[in-house]
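Residue 19 in numbering that gives the first Met the number 0 is what sits at position 20 of the sequence shown, and the numbering runs on without skipping anything.
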Amino acid sequence: MKRLLYLLFATVIAFQTVFLAEQVEAAKKVSLTEEQVKQLQDDVNFLTRKTYASSLFDAKDVQKLLEVRDTLNSVADGNMKDLTYAKMFSDMAYVLSKRDYKQDAIQYYMLVKDKFPNTIYAKKALIELENLGVKFEDEAEVTE
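See the structure below:
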């Protein structure tokens with residue numbers, strides 16, 4: 000009886016490992032088509048303009064903000080070589096910081112700093128991270 004339970008337990012673990020690994024890999028490979036990237040860029044630009052103008056967000060704008068945030072979160076683990084993503088993440092981090100989503104803004108600025116270190120967006124991210132209260136341990140990390 001004990002042996003049967005161990006066998007059943009091992010089978011369940013193996014089954015979950017195989018099928019969950021496939022789902023995790025599929026989720027990591029989220030990539031956007033050219034049209035989706037253009038639409039995402041338009042949405043980020045709209046939200047950024049509205050934030051710079053200090054306009055009020057209505058329910059539709061808040062819904063768009065959350066959709067864009069979720070889409071960018073799903074893309075964040077992918078291979079982002081295009082500077083379009085650096086601008087989108089930087090602009091969205093600005094919008095999130097002004098709309099009281101501080102932790103998400105910090106996450107996006109850190110992503111820009113880490114994935115696009117030699118761009119102007121990384122320098123802006125460092126400044127904004129300091130403004131948001133993020134402390135860096137050593138000066139070498141700040142100057143990079």
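Beta carbons are placed, not taken as given, at the ideal position from N, Cα and C, and that holds for glycine.
Of the candidates Arg2, Glu129, Gly77, Glu129 places its Cα closest to the Cα of Lys101. Note that the C-beta distance between Ala121 and Lys112 is below 8 angstroms.
A distance of 8 angstroms or more separates the beta carbons of Phe88 and Leu65. Close CB contacts of Val67 within its chain, under the 8 angstroms cut and outside five residues either way in sequence, are with Leu39, Asp42, Val43, Leu46, Met91 (chain order).
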